[in-house]
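> Adding 3 to a residue's 1-based position in the sequence shown gives its number in our numbering. C-beta atoms are modelled at their ideal positions from N, C-alpha and C, and glycine is treated no differently. Please read these numbers as outputs of a predicted model, since none were measured by experiment.
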Amino acid sequence: MDSTAMLIALYLAGIRPQIITFADVGGEKPETLVHLVRMNAVLASWGWPPIDICRKVTLASTSYDDLYGNCIANETLPSLAFGKKTCSQKYKQTPQDQFIKGARSGPNARLPHPVWEEAQRTGQRIVKLIGYDCGRADMRRSQKLLNADADFDFSYPLQLLGWIREDCIDIIKQVLGSSYVPIKSACFFCPASKIWELYWLAAHHPDLLDRALLLERNALTGRHSRFDEIEFGATWEELVSNADRFPSSNTTVGLGRNFAWNQWARVNDVVDEAFRVRRSEAARSHFRIRAAQLRKSDNANDARAISGVPLAAAA
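Written as structure tokens, this is what we have:
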């Protein structure tokens, strides 16, 4: 959402980026990948470079090639479930940096991008434009970041414009049309997912929710589990299958950090007795309704009239 709005803001201001990258960790929802294809058509019509998709390449001897496979093989949850962000650094930031700067060795070895070589030759600094908006969450993130590091300068165009998420939605609708408003870009097993997003996943991609539930069970009953049966008074699987809620604890009990997706799915009748997501049309219709009821305007804005957008500020 924010990245799309940022590209539009740059276009309206007459600023053409030299490189546009997207980090694909291998767990994006299908709708996001379709959006990339559609945006490439838009960029081509503007005479802009296409989106370069960056992915971490694993060793040939590794049994997995993406973040989901990493979690399954190591019987663990994404680092965000433990309050960390190493998965973003490893699968998003590093592949994009290597795409620009190059890498000398290993499976990700590649030559530096010509833009990087030119900057090094002329002593110029490359500016990375990051699509953080003025919402509370993104303001917190950007306040923790430096304005520059050894290799890049950083700028946040949406924050310079004062745009919140709703402004981003409005400008996408105004310039490209309502059908170009994308869903949130995130892994289908992201620990930051909201409850309405779980219902949305159950309605539209039950196979992906099944995989997420498997990942959680694999991790919380595996060799690296932080779950302590003595602290909880029952095994993780017993609580998932029988308890109405998890007891309060500092221990990560699932993909929801303080709740398990498996238990949420059982308590809300999202899964059957075998913990497989229900797929009947009646069930999927119910999930769609629940997602719409719980969803807020941060991911869709159809209920709000398009307001005046400060295009002069963007220019």
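Tell me whether L132 sits in a helix, a strand or coil according to DSSP, three-state version.
The residue you call residue 132 lines up with position 129 of the sequence shown. In the structure shown, L132 sits in a strand (DSSP, three-state: E or B).
> Can at least three beta-carbon pairs, one atom from the stretch 74–81 and one from the stretch 9–25, be found at a separation below 8 Å?
Flag = no, the stretch 74–81 and the stretch 9–25 do not touch.
> Select from E121, V184, S244 and P81 the residue whose C-alpha is nearest the C-alpha of E219.
For the purposes of this step, residue 219 is identified with residue 216 of the sequence shown, where counting begins at 1. Nearest C-alpha to E219: P81.
> Can you grab the Cα-Cα spacing for the pair A315 / I167, in whole Å?
Your numbering for residue 315 matches position 312 in the sequence shown. Your numbering for residue 167 matches position 164 in the sequence shown. Residue placement at A315 is flagged as unreliable, the pLDDT there being 30, under the threshold of 50; a coordinate-derived value is accordingly withheld.
> Would you call the stretch 134–141 and the stretch 166–181 in contact, with 3 or more CB pairs under 8 Å?
Yes, they touch.
> Measure the CB-CB distance between I174 and Y183 and report whether it falls below 7 Å.
Taking the sequence shown and counting its residues from 1, the one referred to as residue 174 is at position 171. Taking the sequence shown and counting its residues from 1, the one referred to as residue 183 is at position 180. No; because the gap between Cβ atoms is not below 7 Å, this pair is not in contact.
> Based on the DSSP secondary-structure assignment, which residues constitute the bridge partners of E31?
The count along the sequence shown starts at 1 and reaches residue 31 at position 28. C190.
> Are T61 and D68 touching if we call contact CB-CB under 7 Å?
By 1-based counting over the sequence shown, the position of residue 61 is 58. By 1-based counting over the sequence shown, the position of residue 68 is 65. Against a cut-off of 7 Å, the Cβ pair of D68 and T61 comes out as a contact.
> Among the candidates N253, F249, S283 and R282, whose CA atom is the shortest distance from the CA of W267?
Within the sequence shown, numbered from 1, the residue matching residue 267 stands at position 264. Measuring from the Cα of W267, the nearest candidate turns out to be F249.
> Taking the alpha-carbon positions, what's the I11 to L161 distance?
Counting from one through the sequence shown, the residue named residue 11 turns up at place 8. Counting from one through the sequence shown, the residue named residue 161 turns up at place 158. Distance between the alpha carbons of I11 and L161 is about 11 Å.
> Pick out whichever of G30, W203 and L46 has its Cα sitting closest to the Cα of R293.
Translated into the one-based positions of the sequence shown, residue 293 becomes position 290. Ranking G30, W203 and L46 by Cα distance to R293 puts W203 first.
> Restricting to Cα atoms, I'd like to know which of F85, F155 and P110 is closest to L132.
To locate residue 132, count along the sequence shown from 1; it is residue 129. Nearest C-alpha to L132: F155.
> Starting from C57, trace the beta strand (DSSP E) both ways and give me its first and last residue.
Residue numbering aside, residue 57 sits at position 54 when the sequence shown is read from its first letter. Here the beta strand (DSSP E) through C57 covers I54 to C57.
> Among residues of its own chain, excluding the 5 on either side of I129, which ones have a beta-carbon nearer than 6 Å to its beta-carbon?
Numbered from 1 along the sequence shown, position 126 holds the residue referred to as residue 129. Here the set comprises A122 and F155.
> Do you know offhand how far A8's Cα is from Y14's?
Reading the sequence shown from its first residue, position 5 is the one you call residue 8. Reading the sequence shown from its first residue, position 11 is the one you call residue 14. C-alpha separation (whole angstroms): 10 Å.
> In or out: G257 buried (at least 16 other Cβ within 10 Å) or exposed?
Your numbering for residue 257 matches position 254 in the sequence shown. The residue in question, G257, is buried, as its Cβ has 16 or more Cβ neighbours within 10 Å.
> How about D210: is its Cβ closer than 6 Å to a heavy atom in the ligand SAM?
The ligand SAM is absent from the structure shown, which contains no ligand whatsoever.
> Taking the C-alpha atoms as reference points, what is the distance between T35 and G236?
Counted from its first residue, the sequence shown places residue 35 at position 32. Counted from its first residue, the sequence shown places residue 236 at position 233. Computed Cα separation, rounded: 41 Å.
> Which word fits S283, buried or exposed, when buried means at least 16 other C-beta atoms lie within 10 angstroms of its C-beta?
If you number the sequence shown from 1, residue 283 lands on position 280. With fewer than 16 Cβ atoms within 10 Å of its Cβ, S283 is classed as exposed.
> From which residue to which residue does the alpha helix (DSSP H) around S158 run?
Working through the sequence shown from its first residue, we reach residue 158 at position 155. Careful: S158 lies outside any alpha helix (DSSP H), inside the beta strand (DSSP E) at F155 to S158.
> Give me the residue from A263, A195 and K32 with the minimum Cα distance to A140.
Numbered from its first residue, the sequence shown carries residue 140 at position 137. When each option's Cα is compared against that of A140, the closest is A195.
> Taking the straight line between their C-alpha atoms, what separation do you get for D55 and R214?
Within the sequence shown, the letter at position 52 stands for residue 55. Within the sequence shown, the letter at position 211 stands for residue 214. Cα-Cα distance, rounded: 27 Å.
> Within its chain, find whatever has a CB closer than 6 Å to the CB of E232; leave out the 5 residues flanking it on each side and keep chain order.
On the sequence shown, residue 232 is found 229 positions in, with the first residue counted as 1. Around E232: T238.
> Whose C-alpha, out of V28, G109, D272 and K32, is nearest the C-alpha of F191?
Indexing the sequence shown from 1 puts residue 191 at position 188. The candidate whose alpha carbon is nearest that of F191 is K32.
> Specify, as a first and last residue, the run of the beta strand (DSSP E) that A26 falls within.
Taking the first residue of the sequence shown as position 1, residue 26 is located at position 23. Per DSSP, A26 belongs to the beta strand (DSSP E) from I23 to A26.
> Taking 8 Å as the limit between beta carbons, can you name the residues of its chain near V312, skipping five residues before and five after?
In the sequence shown, the residue the question calls residue 312 occupies position 309. Caution is warranted here: a pLDDT of 33 is assigned to V312, below 50, making its placement in the model unreliable, and no coordinate value can be reported.
> Kindly provide the ranges of any alpha helix (DSSP H) runs that are 4 or more residues long and lie completely inside the stretch 188–224, ordered along the chain.
Runs of the alpha helix (DSSP H) inside the stretch 188–224: 198–207 and 209–223.
> Please identify the residue among L223, D210 and V270 whose C-alpha is closest to the C-alpha of I198.
In the sequence shown, counting from the first residue as 1, residue 198 sits at position 195. Answer by Cα proximity: V270.
> Might you give, ordered along the chain, the residues of its own chain that have their beta carbon closer than 6 Å to the beta carbon of I103, omitting 5 neighbours on each side?
Along the sequence shown, one-based indexing puts residue 103 at 100. H116 and W119, listed in sequence order.
> Suppose you measure from the CA of A286 to the CA of T89; what does that come to, to the nearest Å?
Stepping through the sequence shown from its first residue, residue 286 is reached at position 283. Stepping through the sequence shown from its first residue, residue 89 is reached at position 86. Cα to Cα, A286 sits roughly 36 Å from T89.
> Are the beta-carbon atoms of A84 and T255 separated by less than 7 Å?
Taking the first residue of the sequence shown as position 1, residue 84 is located at position 81. Taking the first residue of the sequence shown as position 1, residue 255 is located at position 252. The answer is yes: Cβ separation under 7 Å.
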